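Only one structure is covered here, and it is reproduced in the block below.
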Amino acid sequence: MINLSETQGRSSSKDGITVTSLGSGSRGNCLYVGTPVGALLIDAGFSAKETLRRLAVAELDPAGISAILLTHEHGDHIRGLSPLSRRLGIPAYLNEATYRSIGSPSLPEVIHFKTGDHFQVGALRVETLALPHDAVDPAAFIVEWGGRRVGNFTDFGIPTNTLIEAAKGCDVLGLEANHDEQ
């Protein structure tokens, strides 16, 4: 398990999958998940310049990133989305409610998913799960490649049965559970 708020710049590697937290917290959130056949970012909460700087510090090549997945619309998760997506020429994957709530930004490509479904980003399979948070349609992600699963659950306060069951099947799990309306 990776405690995202304590791992900035540190990587975990499991059988060809590299997971690196570029940062987690109210100043920004961004998780890198890389495999030998492709990589993606989950959230883009830092400026494009800062995200690229953090990738360089972690010795990760931004040219290998093929998509940005968005968990929800809060600024600490989307701050660098448009400029980073345009600069890298990669699509953003987000649900329609999140897209509308951030003002339908201009991006090179937008691919909508329905929370609860799964989709492919190249050879990577991505499963989406509903997550309890004060956003329009927040999503957790599980990225699967080569029989390995990486979960990313951010900004939740109460673990649901669905999240608990999904976490049991993960080889690497990034958690940020700092949200509680009460």
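With the working numbering as the guide, the letters of the sequence shown map in order to residues 40 to 221. By construction, the Cβ of each residue, glycine as well, lies at the ideal position given by its N, Cα and C atoms. Please read these numbers as outputs of a predicted model, since none were measured by experiment.
Given a cut-off of 8 Å, decide if residue j and residue i are closer than it, judged by their beta-carbon atoms.
{"i": "glycine 73", "j": "glycine 84", "result": "no"}
{"i": "serine 81", "j": "threonine 59", "result": "Reading off the sequence, residue 81 comes out as isoleucine, not serine. No. Outside cutoff."}
{"i": "cysteine 209", "j": "glycine 190", "result": "yes"}
{"i": "leucine 146", "j": "alanine 205", "result": "no"}
{"i": "valine 160", "j": "leucine 94", "result": "no"}
{"i": "histidine 157", "j": "asparagine 134", "result": "no"}
Please classify residue i as buried or exposed, where buried requires at least 16 other C-beta atoms within 10 Å of its C-beta.
{"i": "proline 177", "result": "buried"}
{"i": "glycine 213", "result": "buried"}
{"i": "methionine 40", "result": "Residue confidence is low: methionine 40 scores 38 on pLDDT, short of 50, so the model does not pin down where it sits. Its coordinate-derived value is still stated next. Exposed, by the Cβ-count rule."}
{"i": "isoleucine 203", "result": "exposed"}
{"i": "threonine 193", "result": "buried"}
Just to confirm my understanding: we take residue i, look at its own chain, exclude 5 residues before and 5 after, and list those with CB closer than 7 Å. What are they?
{"i": "threonine 90", "result": "Leu61, Cys69, Ala83, Gly119, Leu123"}
{"i": "isoleucine 197", "result": "Pro171"}
{"i": "serine 65", "result": "Asp115"}
{"i": "threonine 199", "result": "Pro171"}
{"i": "threonine 154", "result": "Asn134, Thr167, Ala169, Asp176, Ala178"}
Please name the residue, chosen from the options, that lies closest to residue i on a Cα-to-Cα basis.
{"i": "leucine 163", "options": "Gly155, Ala106, Arg125, Ala169", "result": "Ala106"}
{"i": "valine 149", "options": "Val160, Asp156, Tyr132, Val165", "result": "Tyr132"}
{"i": "valine 76", "options": "Ala102, Leu94, Pro144", "result": "Ala102"}
{"i": "isoleucine 56", "options": "Ile181, Pro144, Lys153", "result": "Ile181"}
{"i": "leucine 108", "options": "Ala179, Arg187, Gly155, Pro144", "result": "Ala179"}
{"i": "arginine 126", "options": "Ile117, Lys88, His151, Glu98", "result": "Lys88"}
{"i": "valine 211", "options": "Thr199, Phe195, Arg187, Asn200", "result": "Arg187"}
{"i": "serine 143", "options": "Gly128, Asn200, Ile117, Ile129", "result": "Ile117"}
In its own chain, which residues sit with a C-beta less than 8 Å from the C-beta of residue i, not counting the 5 before and 5 after it?
{"i": "glutamate 112", "result": "Thr137, Ser140, Ile141, Ala174, Val175"}
{"i": "glutamate 183", "result": "Leu163, Arg164, Val165, Glu166, Val189"}
{"i": "serine 121", "result": "Pro144, Ser145, Leu146"}
For residue i, which residues in the same chain have their Cβ closer than 6 Å to its Cβ, ignoring the five residues on either side in sequence?
{"i": "leucine 99", "result": "Tyr71"}
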